[in-house]
Amino acid sequence: MQVVLINPYELGRQPFGLAEPAAWLARDGHQVVCVDLALERLERSVLERADLVGLHLAMHTATRIAVEAMPRIRAAAPHARVFAYGLYAPVNAAMLRDIGIDVVLGGEAEPDIAELARRLAAGDRDWQPAAAVNLSRIPFVVPDRTGLPALTRYARLLMPDGSERVVGFLEATRGCKHLCRHCPVVPVYQGRFRTVPVEVVVADARAQVAAGAEHLSFGDPDFLNGPTHALRVLRAIGRELPGLTFDATVKVEHLLRHREHLAELAAHGCLFLTTAVESVDDAVLERLDKGHTRADFVTAVALAREAGIALAPTFVAFTPWTTLGGYLALLEHLVHLALVEAVPPVQLAIRLLVPAGSRLLELDDFAAMVEPFDPALLGHPWSHPDPRVDALAREVQAIAERAETEGLGRREAFTAVWQAAHRAAGRDAPALPPALGAPIPHHSEPWYCCAEPTSQQLASF
Ligand code: SF4
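Numbering (the numbering used here) for the sequence shown: 0 to 460.
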């Protein structure tokens, strides 16, 4: 049976979310074609031969692209069964069924994907999983990346000295043990995470190093959800594949709680840690249930620097509670903490996205601020009570897009945002100090998972 697995978009990473189910399906004797729309076009001839088509919806952007693509998938493969899986599939199940997707799977989906293929091969076209979200512990196998584009075509690591490294992408865990209110992981994993066995992660790393990887990027929602597991993975990779560098995502709370491990992370080649700071306003952090304060963020910066690890903070810069003064405070913090070069311009433009099932809707004052779910936007639209904040958000988004298309440096883009924010608040923008922090290593793919897709991405079908 021919199965086509499609990855609409995943931040320029070679997707574990395709490679893992591809391995399960190939083991069962199916022919698997992987198509990564970040780098490839979806050819009609591929769809015409498909018995089963899977759409991997790992993030908002991917889901928007998949929705646009469904009419063409259905037209090219009218007899294929189509399933959607990944973080954004179960929370959008009703909408996905409305657009013609037959089966919606979430969480640890590989056993259900394998069962779906087995049933279909046996002539059962009606099989549905017992539950849309499977959180059982599954027997991971080594991902099969042979059908994906070469690693050299994916996002690269850009070093401050101008050199570049080929990046391999790994997942050592899925899900998260935390319940941050704005996070899309929470409605699916409900505070749980699952580990990929150390030997599977190491075998995946080995294969990617053989394919040219010089740096490894862990895509786990939070690498230190299970610090013991994380350290076992790093030690095993270090023993077998010495000399590699890596990056991962770790929340502020974990940077503080597991501070004793930071030196070991650095010794294993950690170049930078992405950390979801989201805001420097404690009242906003409280509403997001982030588990850290502004002071914790400042401590985390110091701890990471002490360990010799760069910190790459991310933000939800615009929320319904963001004031012009609060936005200026965020920019001032980045200046005072010498982090301007550590933050890509798009991070200064992110506007809170409220997907279906968001825990934010539990907040009385928030539920009253948002509109009903809009299937076209895949979220609950909201407007800021102060129209000047929404106008500033649009202006900063335009600066971030210009920075991307015209290749503006981070300092240059930050200066434009600094001036726009002061203008919006009716204040004169003070001159920025000459030193705004040292550039840090970062990936060449700057877009953010919750950003809207570009017209180029939508055209990949
Ligand atoms: S720690 Fe990160 S991944 Fe986990 S719930 Fe919070 S935002 Fe989501």
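C-beta atoms are modelled at their ideal positions from N, C-alpha and C, and glycine is treated no differently.
Beta-carbon spacing of P7, A61 below 9 Å:
Going by C-beta atoms, P7 is nearer than 9 Å to A61.
Whole alpha helix (DSSP H) runs in the segment 337 to 405 with 4 or more residues, listed along the chain?
Counting whole runs of 4 or more residues, the segment 337 to 405 contains the alpha helix (DSSP H) stretches 363 to 366 and 386 to 405.
Using a Cβ-Cβ cut-off of 8 Å (strictly less than) and excluding sequence neighbours within five positions of L362, which residues of its own chain qualify?
R180 and R286, listed in sequence order.
Report the option in D280, M94, I64 and I100 whose CA atom is closest to the CA atom of P77.
Of the listed residues, the one whose Cα sits closest to P77 is I100.
Going by other Cβ atoms of all chains shown within 10 Å of its Cβ, with 16 needed for buried, is A402 buried or exposed?
The residue in question, A402, is buried, as its Cβ has 16 or more Cβ neighbours within 10 Å.
For W381, which residues from the same chain have a beta carbon less than 8 Å from its beta carbon, with the 5 sequence-adjacent residues on both sides left out?
Exclusion of the five residues before and after W381 leaves P319, L351, V353, M368, V369 and E370 as the residues of its chain whose Cβ lies within less than 8 Å of its Cβ.
Any contact of the segment 330 to 343 with the segment 426 to 438, i.e. 3+ C-beta pairs under 8 Å?
Touching, yes.
On the three-state DSSP scale, how would you describe L150?
In the structure shown, L150 sits in a helix (DSSP, three-state: H, G or I).
First through last residue of the beta strand (DSSP E) which encompasses Q1
Unbroken beta strand (DSSP E) run through Q1: Q1 to N6.
Collapsed DSSP secondary structure at S216 in the structure displayed:
If DSSP states are grouped into helix, strand and coil, S216 belongs with the strands.
Indicate the three-state DSSP secondary structure (helix, strand or coil) for F296 in the structure shown.
Look at F296 here: in three-state DSSP terms it is helix.
Helix or strand or just coil, what does DSSP make of F413?
Correct three-state label for F413: helix.
Assuming the contact rule is C-beta atoms closer than 8 Å, A21 and L4 should be a hit. Round their C-beta distance to whole Å, please.
That pair is a contact at about 6 Å.
Output needed for R193: all residues of its chain with C-beta closer than 8 Å, excluding positions within five of it in sequence on either side, in chain order.
Apart from the 5 residues on each side of it in sequence, R193 sits with its Cβ closer than 8 Å to the Cβ of E107, L134, R136, I137, T172, R173 and G174 in its chain, given in chain order.
Let me know if R16 comes out buried or exposed under the rule of 16 or more other beta-carbons within 10 Å of its beta-carbon.
One point to set straight first is that residue 16 is Gly, not Arg, in the sequence displayed. G16 is buried by the Cβ-count criterion.
Of all the alpha helix (DSSP H) runs that stay within the bounds of the segment 80 to 124, which reach a length of 4 or more residues?
Counting only unbroken stretches of 4 or more residues, the alpha helix (DSSP H) elements lying wholly within the segment 80 to 124 are 87 to 90, 92 to 97 and 109 to 120, in sequence order.
Starting from H441, follow its DSSP beta bridges and name the residues at the other end.
Partner(s): L157.
Would you tell me roughly how many angstroms separate the C-alpha atoms of L264 and V141, rounded to the nearest one?
Distance between the alpha carbons of L264 and V141 is about 24 Å.
Beta-carbon within less than 8 Å of V2's beta-carbon, same chain only, minus the 5 sequence neighbours each way: which residues are those?
Take V2, set aside five residues on each side of it, and the residues of its chain with a beta-carbon closer than 8 Å to its own are L24, H29, Q30, V31, V32, A49, D50, L51, V52, G53 and A116, in chain order.
Per DSSP, cross-strand counterpart(s) of N224
According to DSSP, N224 bridges with nothing at all.
With a floor of 3 residues, list each beta strand (DSSP E) that falls wholly inside the segment 238 to 278, ordered by position along the chain.
With a minimum length of 3 residues, the continuous beta strand (DSSP E) runs that stay inside the segment 238 to 278 are 244 to 248 and 269 to 277.
M158 to L359, Cα distance in whole Å?
Answer to the nearest angstrom: the Cα atoms are 37 Å apart.
Buried or exposed, going by whether 16 or more other CB atoms sit within 10 Å of the CB of G167?
It is buried - the Cβ of G167 has at least 16 other Cβ atoms within 10 Å.
Assumed close pair T292, D281 - CB separation to whole angstroms, cut-off 8 Å
The beta-carbon distance between T292 and D281, rounded to whole angstroms, is 5 Å. This is short enough to meet the 8 Å contact definition.
Leaving out five residues before and five after E411 in sequence, what residues of the same chain have Cβ atoms less than 8 Å from its Cβ?
These residues qualify, in order along the chain: A402.
For V187, the nearest candidate out of V132, A229 and R144 (CA to CA)
Ranking V132, A229 and R144 by Cα distance to V187 puts V132 first.
With distances taken Cα to Cα, identify the nearest neighbour of T495 among S162, P128, A209 and V165.
Here the chain has residues from 0 to 460 only, and residue 495 is not among them.
I need the straight-line Cα distance from V388 to E39, nearest angstrom please.
About 38 Å.
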